[in-house]
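Numbering (our numbering), first residue to last: 17 to 189.
Encoded structure:
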């Protein structure tokens, strides 16, 4: 297993959301122009309210990518019966650019975990062609594997995730 896959396996992104894959494209996810998502790091919900900038590597502007953001722990990590909850899909992102150049087919929904620590994963797929990705029927019970299969996306080419939990309420004296 490559070193950059290990945190995805330990965090059960590989397993709960996708099968094992070999990362082949660089992807960076940055919130508020200064907070980079790193595997397993915790971000406060207040930091992730606006959609992030997602930079896609690759070597070819003609290549198209699909980005999926999903929560496999909805509504709670101990009972994730809504697994997965879909937060965002952007398709037709040209290689070497960022997600703002793609077509948002499911609008960004900011993470608002209520119970426990949730994982929020960004999964990137290389498309076989442009305008080939169709929106899913629902945000709840989303399945990244099935969606990738239905849209001919194959295995992921990059992934990163962060953790978030509900902020604790201020104590009263």
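For every residue, glycine included, the Cβ atom is placed at its ideal position computed from N, Cα and C.
- Residue range 22–26 is occupied by the alpha helix (DSSP H) that includes residue 25.
- If you draw a straight line from the Cα of residue 75 to the Cα of residue 139, it comes to about 19 Å.
- When C-beta atoms of the segment 156–163 are compared with those of the segment 108–115, fewer than three pairs fall below 8 Å, so the two segments do not count as touching.
- Under the 8 Å Cβ criterion, the segment 167–184 counts as touching the segment 28–40, having at least three qualifying pairs.
- Residue 174: member of the beta strand (DSSP E) spanning 172–180, first to last residue.
- Of the residues 86, 87, 59 and 169, the one whose Cα lies closest to the Cα of residue 79 is 169.
- Restricting attention to 56, 116 and 90, the CA atom closest to the CA of residue 30 is found in 56.
- Secondary structure at residue 54: coil, using DSSP grouped into helix, strand and coil.
- With 16 or more other Cβ atoms from the protein chains shown falling within 10 Å of its own Cβ, residue 135 counts as buried.
- Secondary structure of residue 78 (DSSP, three-state): coil.
- Rounded to the nearest whole angstrom, the CA to CA distance from residue 83 to residue 104 is 8 Å.
- Taking a contact as a CB-CB distance under 8 Å, the pair residue 88 and residue 137 counts as one, their CB atoms being some 7 Å apart.
- The three-state secondary structure of residue 32, taken from DSSP, is helix.
- Burial check for residue 118: the Cβ neighbour count within 10 Å reaches 16 or more, so the residue is buried.
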